[in-house]
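Under this note's numbering, the first residue of the sequence shown carries the number 70, and numbering increases by one thereafter.
Beta carbons are placed, not taken as given, at the ideal position from N, Cα and C, and that holds for glycine.
Keep in mind it's a predicted model, so treat the numbers as computed, not measured.
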Amino acid sequence: MCYLKYILLFLFISNISFAQKKYFDIVFIIYNYNHETVENAVITLTDTAFSKHRLLTDKQGKAKIELIPGNYTLTISHPQYFTYEEQISFVQSLIKTIHLETKENELQNIIVTAKESKGVTTQSIIDKKAIELLQPSSFTDILELLPGGISKDPDLTTVNPIRLRQAGSVSGYNTNSLGTSFIIDGSPINTNANLQYSPDPSQRLNGQSDNKKRTTAIGIDMRSISTDDIEKVEIIRGIPSVEYGDLTSGVINIIRKSGGNKLEGRFKADGFSKLYYISKGIDFDKYNWSINTSLDLLDAKSEPRNNFETYKRYTASIRSRKLFLFNNSDLWWNVNLDFTGTTDEEKKDPDTGYDKVDHYKSSYNKLGISNSLELKLKNKWIKNIKFISSLRQETDKINQIKYVQLPTVAALPVSEIDGEYDGIYLNKDYISTVKVEGKPRDIFLKLTSNFSVSTSRVNHDILLGTEWTYSKNNGKGQVYDRYLPPNLSMGSYPRAYKDIPALAKLSFFAEDKAKISIGNHNLILAMGIRTFKMTNMNKSYKLARSFFWEPRMNLQWSLPKLFINNRSLDVDITLGYGEHKKTPTLNILYPDLYYVNYNQLNYYHNNPDYRRVNFQTYTFSRENRDLTVANNIKKEIRLDLGYNQNNFSLTFFEERLTSGFRSMTFYKHVTYKRYNTDELDHSTITSPPDLNHLNYELKNDFATYSKTENGSTTDKKGIEFQFSSKRLEAINTRLTFNGAWFQTKYKNSKPIYKSPDAIVNNQKLPYVGIYKDDEGYLMESFTTNFMADTYLPKLKMNFMLAIQCSWYNLTQYMKKDRYPLYYMGYDQIIHPYTEQDKTDTYLQWLYRNHNDLDSRREPLSLGINLKVSKKMYNEKITLSMFVNKLYSYNQKYVIYKVVQRRTSSPPYFGMEINFKL
Numbered sequence: 070m071c072y073l074k075y076i077l078l079f080l081f082i083s084n085i086s087f088a089q090k091k092y093f094d095i096v097f098i099i100y101n102y103n104h105e106t107v108e109n110a111v112i113t114l115t116d117t118a119f120s121k122h123r124l125l126t127d128k129q130g131k132a133k134i135e136l137i138p139g140n141y142t143l144t145i146s147h148p149q150y151f152t153y154e155e156q157i158s159f160v161q162s163l164i165k166t167i168h169l170e171t172k173e174n175e176l177q178n179i180i181v182t183a184k185e186s187k188g189v190t191t192q193s194i195i196d197k198k199a200i201e202l203l204q205p206s207s208f209t210d211i212l213e214l215l216p217g218g219i220s221k222d223p224d225l226t227t228v229n230p231i232r233l234r235q236a237g238s239v240s241g242y243n244t245n246s247l248g249t250s251f252i253i254d255g256s257p258i259n260t261n262a263n264l265q266y267s268p269d270p271s272q273r274l275n276g277q278s279d280n281k282k283r284t285t286a287i288g289i290d291m292r293s294i295s296t297d298d299i300e301k302v303e304i305i306r307g308i309p310s311v312e313y314g315d316l317t318s319g320v321i322n323i324i325r326k327s328g329g330n331k332l333e334g335r336f337k338a339d340g341f342s343k344l345y346y347i348s349k350g351i352d353f354d355k356y357n358w359s360i361n362t363s364l365d366l367l368d369a370k371s372e373p374r375n376n377f378e379t380y381k382r383y384t385a386s387i388r389s390r391k392l393f394l395f396n397n398s399d400l401w402w403n404v405n406l407d408f409t410g411t412t413d414e415e416k417k418d419p420d421t422g423y424d425k426v427d428h429y430k431s432s433y434n435k436l437g438i439s440n441s442l443e444l445k446l447k448n449k450w451i452k453n454i455k456f457i458s459s460l461r462q463e464t465d466k467i468n469q470i471k472y473v474q475l476p477t478v479a480a481l482p483v484s485e486i487d488g489e490y491d492g493i494y495l496n497k498d499y500i501s502t503v504k505v506e507g508k509p510r511d512i513f514l515k516l517t518s519n520f521s522v523s524t525s526r527v528n529h530d531i532l533l534g535t536e537w538t539y540s541k542n543n544g545k546g547q548v549y550d551r552y553l554p555p556n557l558s559m560g561s562y563p564r565a566y567k568d569i570p571a572l573a574k575l576s577f578f579a580e581d582k583a584k585i586s587i588g589n590h591n592l593i594l595a596m597g598i599r600t601f602k603m604t605n606m607n608k609s610y611k612l613a614r615s616f617f618w619e620p621r622m623n624l625q626w627s628l629p630k631l632f633i634n635n636r637s638l639d640v641d642i643t644l645g646y647g648e649h650k651k652t653p654t655l656n657i658l659y660p661d662l663y664y665v666n667y668n669q670l671n672y673y674h675n676n677p678d679y680r681r682v683n684f685q686t687y688t689f690s691r692e693n694r695d696l697t698v699a700n701n702i703k704k705e706i707r708l709d710l711g712y713n714q715n716n717f718s719l720t721f722f723e724e725r726l727t728s729g730f731r732s733m734t735f736y737k738h739v740t741y742k743r744y745n746t747d748e749l750d751h752s753t754i755t756s757p758p759d760l761n762h763l764n765y766e767l768k769n770d771f772a773t774y775s776k777t778e779n780g781s782t783t784d785k786k787g788i789e790f791q792f793s794s795k796r797l798e799a800i801n802t803r804l805t806f807n808g809a810w811f812q813t814k815y816k817n818s819k820p821i822y823k824s825p826d827a828i829v830n831n832q833k834l835p836y837v838g839i840y841k842d843d844e845g846y847l848m849e850s851f852t853t854n855f856m857a858d859t860y861l862p863k864l865k866m867n868f869m870l871a872i873q874c875s876w877y878n879l880t881q882y883m884k885k886d887r888y889p890l891y892y893m894g895y896d897q898i899i900h901p902y903t904e905q906d907k908t909d910t911y912l913q914w915l916y917r918n919h920n921d922l923d924s925r926r927e928p929l930s931l932g933i934n935l936k937v938s939k940k941m942y943n944e945k946i947t948l949s950m951f952v953n954k955l956y957s958y959n960q961k962y963v964i965y966k967v968v969q970r971r972t973s974s975p976p977y978f979g980m981e982i983n984f985k986l
């Protein structure tokens with residue numbers, strides 16, 4: 070009995086002690102650095118007594134366990150990722166988020182080129198590994214990795230618009246670049262309120278036009294986008310989801326990195342630029358919160374020896390990501406604060422002996438904040454609800470100082486209203502100062518929700534959403550002294566940008582992605598509709614009077630697997646059709662007034678008190694209230710093959726844009742007087758001439774002005790292909806071969822007005838011809854790119870050798886009618902042009918003499934590029950270099966019986982160093 074008492078007392082104390090041990094929940098969430106969940110990761114927790122507890126993550130990358138508080142050794146392993154190990158200690162429940170790093174020796178997972186997606190939408194996916202080996206200075210360089218992409222020497226002192234699936238480029242056909250949507254972390258970059266341009270049509274100091282500096286109505290200037298924070302880029306060239314709007318050509322979806330604790334830096338130098346970058350990530354595991362910060366500086370020149378034409382870019386970013394865990398849902402909250410500043414500057418070289426003050430400087434500063442809330446529900450029907458908002462404020466300035474030297478005495482009109490008014494005489498030389506201030510403000514709101522509905526054979530993923538955008542420019546606009554203009558042929562006067570109305574648009578969209586299984590066949594049918602309406606425009610505008618609709622459809626058919634040597638051959642066929650609409654920008658909808666001035670009297674006397682100059686002024690509104698959206702219709706078919714980690718993709722596409730934005734010339738009949746001063750006695754007059762006592766001749770003329778119309782057609786068709794091999798184990802090399810054949814037609818879609826420079830009976834031709842065709846172009850190109858990327862694990866080196874061939878580039882002037890369809894006289898009445906008119910004294914001069922077909926074909930141009938990177942010091946430092954056109958060959962050709970010899974292009978090279986500490 071005594072022993073039994075002790076035994077019972079021991080068990081009682083043990084039970085009390087055991088009861089006092091309290092267990093807490095530990096939740097692990099495992100991601101990779103693309104922020105994709107990692108399934109089947111093995112989590113091992115080892116306590117101080119070497120007892121092990123093992124867990125396996127589910128499809129959401131989660132694992133949960135109850136443990137006694139204390140110290141544990143955490144180990145996470147997965148075949149595709151580096152083993153993660155950490156000492157953890159906890160005294161209460163803990164939620165821990167961990168990012169795993171892809172193994173470098175998992176060679177099949179390392180892709181250093183663009184990867185073609187096998188989804189229902191044709192797109193290229195470029196991850197950070199490919200970007201690091203490419204060593205870009207701006208987003209422009211990344212396009213080299215697309216099918217048909219060719220490396221180019223950087224041109225960072227001129228605007229870099231984007232061109233997708235396009236052969237060549239023609240001035241005035243900017244709807245394709247304007248209609249490419251750039252999205253960063255879910256928020257689009259809006260350029261609709263960009264009104265920044267110099268009123269001087271020859272603003273550049275070298276006398277060239279401002280087209281290479283002007284950014285209005287061309288979309289995103291890719292120089293302004295830094296690449297160092299990018300984790301992944303999705304370049305959608307096919308038919309995107311209806312979630313994406315206000316576009317015609319494609320979508321650039323940029324996803325920036327989040328999480329991590331490393332301090333990273335990059336320094337790059339080449340002949341044209343220097344780039345500096347530093348970033349730091351901070352993870353607060355206890356709070357499931359991560360912060361990433363970064364700074365970037367790019368300093369570029371037009372060419373290495375020129376310090377007087379420069380471009381600088383400054384970027385800074387703070388990005389926060391927080392996870393809230395609830396019983397039946399997870400809430401992700403992202404907040405980004407971003408700053409981008411650029412300076413485009415040009416000045417004269419004092420060593421040239423030109424000691425005047427000419428100077429041009431354009432600065433662009435943008436501060437933006439974006440917010441994203443995504444609630445992921447563990448619900449059978451509703452998968453998630455996501456809300457995105459962003460606010461961006463820019464301050465853009467142009468400062469131009471120009472020394473104007475006139476070859477002769479010049480008169481300047483000063484009236485801003487119609488009528489007859491005296492002007493002034495300008496000094497032979499003077500200094501003109503121009504300032505342009507723009508303050509674009511953009512607001513973006515978006516709400517979406519995903520639903521899932523399943524039946525016996527069909528799974529529906531349904532997307533519903535709405536979107537609101539707002540664009541307004543509150544700047545002072547163009548400010549300069551009217552009596553000291555930078556150019557005498559501007560045709561406009563200063564106007565405050567803040568007087569221009571805002572642009573607001575409300576959109577709704579819905580999409581159903583149905584997955585259907587029929588035997589061994591799998592079908593994915595994605596059908597959606599998007600509609601939008603302008604919400605704050607005057608009803609006199611056509612844009613404000615109706616909703617616009619954008620239907621889109623993609624169908625993918627996965628054939629039954631065919632096994633060859635016990636390996637499956639995957640075959641997918643994808644069809645797509647979609648309509649894509651881009652609204653006009655503020656400068657297209659609300660252009661400046663245009664002034665036409667006729668000199669009626671120009672009496673220049675030696676005595677300044679007796680001088681007089683008189684003008685007849687006409688003002689023309691260039692607003693087009695019948696302007697509508699630009700609509701691009703896309704069709705494509707794609708074949709995807711996959712066998713033993715070898716992949717092949719072939720895409721044929723057609724795009725037809727017939728309502729692109731185009732500046733077109735119009736003619737208006739006007740009259741003015743031509744005063745005769747022959748009867749004046751110049752030696753005896755005592756005052757300026759009195760117009761009431763002068764004889765005059767009444768003159769007729771056609772005043773010309775321009776309006777933006779839906780008047781351009783861009784027809785595109787082509788073939789894109791890419792083959793990517795399995796990495797060859799013997800030499801650790803992957804082979805990639807891609808290319809594209811593009812054909813693009815540029816022409817007008819509305820008749821054009823043109824008056825020939827003909828003098829008949831000592832007077833200008835009093836008629837204007839209305840022609841079917843303007844200068845049209847057919848352009849073709851065929852390019853291929855063969856790449857071999859090799860990874861040497863023992864040396865920790867990456868090599869990529871690329872052989873890029875531009876097999877030919879064709880430019881052909883399209884046939885245009887010699888005779889007009891109609892003609893118009895001073896009576897403004899339009900008449901049909903007949904056979905009899907071809908022999909009329911005046912109307913016969915409307916005949917246009919030109920060559921029916923004229924073409925230029927540039928043959929083979931070949932270049933070999935080399936890129937190398939080497940990891941050192943426990944992979945904390947990476948040293949890289951590149952040489953473009955290490956070898957080049959340009960085949961000669963003949964134009965008009967003249968041999969055109971093209972010399973080999975000089976190599977373009979650079980180096981960079983990266984560190985991760």
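Beta carbon proximity, residue i to chain B, threshold 8 Å
i, result
"E155", "No chain B appears in the structure shown, which is made up of a single protein chain."
Range covered by the alpha helix (DSSP H) that runs through residue i
i, result
"N245", "T244 to L247"
"L655", "L655 to L658"
DSSP beta-bridge partners of residue i
i, result
"P757", "Its beta-bridge partners do not exist; DSSP assigns none."
"I99", "I167"
"Q969", "Y962"
"Q192", "I305"
"T260", "Bridge partners of T260: none, in fact."
"E185", "S193"
Per-residue DSSP class, three states only, for residue i
i, result
"S207", "coil"
"S293", "helix"
"L114", "strand"
"Y916", "coil"
"Q129", "coil"
"P570", "coil"
"T908", "helix"
"L1012", "The structure shown has nothing for residue 1012, since the chain only spans 70 to 986."
"D281", "Position check: residue 281 holds Lys in this sequence, whereas Asp was assumed. Helix at K281."
"A199", "helix"
"E580", "strand"
"A613", "helix"
"L274", "Interpretation of L274 is limited by its pLDDT of 47, a score under 50 that renders its predicted location unreliable; the figure taken from the coordinates is listed afterwards. L274 falls in the coil class under three-state DSSP."
"K884", "coil"
The beta strand (DSSP E) enclosing residue i, as first and last residue numbers
i, result
"D750", "No beta strand (DSSP E) contains D750, which DSSP labels as neither H nor E."
"E988", "For the chain, the structure presents residues 70 to 986; residue 988 sits outside this window and is missing."
"S484", "Counting along the chain, S484 falls outside any beta strand (DSSP E), and DSSP gives it neither H nor E."
*asked:* When you compare the stretch 748–765 with the stretch 669–686, are there three or more beta-carbon pairs, one atom per stretch, that lie closer than 8 Å?
replied: Verdict: yes, contact present.
*Does the count of Cβ pairs from the stretch 704–713 and the stretch 748–757 closer than 8 Å reach three?*
Contact fails: fewer than three Cβ-Cβ distances are below 8 Å.
_Runs of 3 residues minimum, wholly inside the stretch 501–548: which ones carry the beta strand (DSSP E) assignment?_
509–523 and 527–542
*Return the chain-ordered ranges of every beta strand (DSSP E) run that is complete within the stretch 371–448 and spans a minimum of 3 residues.*
378–394, 398–416 and 428–446
*asked:* Any contact between the stretch 814–821 and the stretch 855–868? By contact I mean 3 or more CB pairs, one from each, below 8 Å.
replied: Output reads no: the stretch 855–868 does not touch the stretch 814–821.
*At what residue ranges does the stretch 755–798 contain a whole run of the beta strand (DSSP E), taking only runs of 3 or more?*
764–793
*Of all the alpha helix (DSSP H) runs that stay within the bounds of the stretch 617–685, which reach a length of 4 or more residues?*
655–658
*Would you call the stretch 251–262 and the stretch 337–349 in contact, with 3 or more CB pairs under 8 Å?*
no
*Does the count of Cβ pairs from the stretch 179–195 and the stretch 376–392 closer than 8 Å reach three?*
no
*Give, in chain order, every unbroken run of the beta strand (DSSP E) that is at least 3 residues long and sits entirely within the stretch 294–320.*
299–305
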